[in-house]
Structure formats: C-alpha cells, structure tokens
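Numbering (our numbering), first residue to last: 3 to 158.
The next block holds one structure in the form of structure tokens; read it before the comments.
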C-alpha cells in the first residue's frame, strides 16, 4: 500500500538511474559477490558500479553497446556478467534475495505449493517437448528418397 512511509522507502529520484542500487540494497548484495582472484593485479573496477551497470541493462533491456558512458565499459560489464553466470554468483544472489523477500512477507523461505495448469499436465502425459516438436516440424527427407526427384535435367 502506498503510504507516506512506503513512498519514501521506494523513492528512487535521488539516484542517477532508477535501476541503481540504494545503500540498503547494496548492503544486501555486497557480501554475496566473491572477492577478486589472488595474484595478479588488484581489481581496479568499482564492483558496485558493475552491479549498477548490469541492473541498468536488465531493467532497460538496452543493447550492450548502448550502455551509458558514466557506467563501466560494456566489455567489463559483459565479462563480469559472463563470469558471475558461469560461477553461480547471479544464482546465489537471486536465491538469497528471494528467500529474504519471502521471509519479510512472513512466508516460508521455500514455497510449499505449486500451481500446475491443465496444459502442462497434458503435454507431460504425451511425452512433453519431444513429441510436440516432432508433430509441429515437417519430416525432412532427401530429394533422392522423394518420388519427384530425377537425375535427368528437364528442358526449359
């Protein structure tokens, strides 16, 4: 419900972009990001700016090359996105925030019920995606097996 208290809590007008993390949001995420690798050069990028850049891309749906100049370079953003997707950091962040959100709503950390619609039950009974794909795609045959193929060229 939009009360004066909630309006203040969700007000993003003081941020550079609406997708930027507030200090409270950053405190939740910061501990879930792995430290830089040992050895080599020290990390020179500000990780909070990387997260803000990724949030900008995800919230606006912009192309990598359309990232604003005041965020880290697109190559840096993509490299961190790729690394964190591969090592599971993004999944851990999502899972942790999901559980905290459910607990804040006085619910169990994991849902105890699921909704299954009749369409998904029907497709599961028939064999799922494999059968659907076979029915919806044409069978491919070589021309040699077809009765209309001829090795003799027709005159125009």
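Each residue gets a CB set at the ideal place from its N, CA and C atoms; glycine is no exception.
Residue interval of the alpha helix (DSSP H) (run including residue i)
| i | result |
| --- | --- |
| residue 26 | 25-32 |
| residue 85 | 76-89 |
| residue 46 | Counting along the chain, residue 46 falls outside any alpha helix (DSSP H), and DSSP gives it neither H nor E. |
| residue 11 | 6-11 |
Secondary structure of residue i, DSSP reduced to three states
| i | result |
| --- | --- |
| residue 22 | coil |
| residue 56 | helix |
| residue 123 | helix |
| residue 99 | helix |
| residue 17 | coil |
| residue 62 | helix |
| residue 68 | helix |
| residue 73 | coil |
| residue 40 | coil |
| residue 106 | helix |
| residue 92 | helix |
Proximity of residue i and residue j at Cβ, strictly below 8 angstroms
| i | j | result |
| --- | --- | --- |
| residue 19 | residue 58 | yes |
| residue 104 | residue 34 | no |
| residue 15 | residue 62 | no |
| residue 79 | residue 56 | yes |
| residue 36 | residue 114 | no |
| residue 51 | residue 75 | no |
| residue 101 | residue 116 | no |
Inter-residue CB distance, residue i and residue j (contact presumed, cutoff 8 angstroms)
| i | j | result |
| --- | --- | --- |
| residue 69 | residue 53 | The Cβ separation is near 13 angstroms, so there is no contact. |
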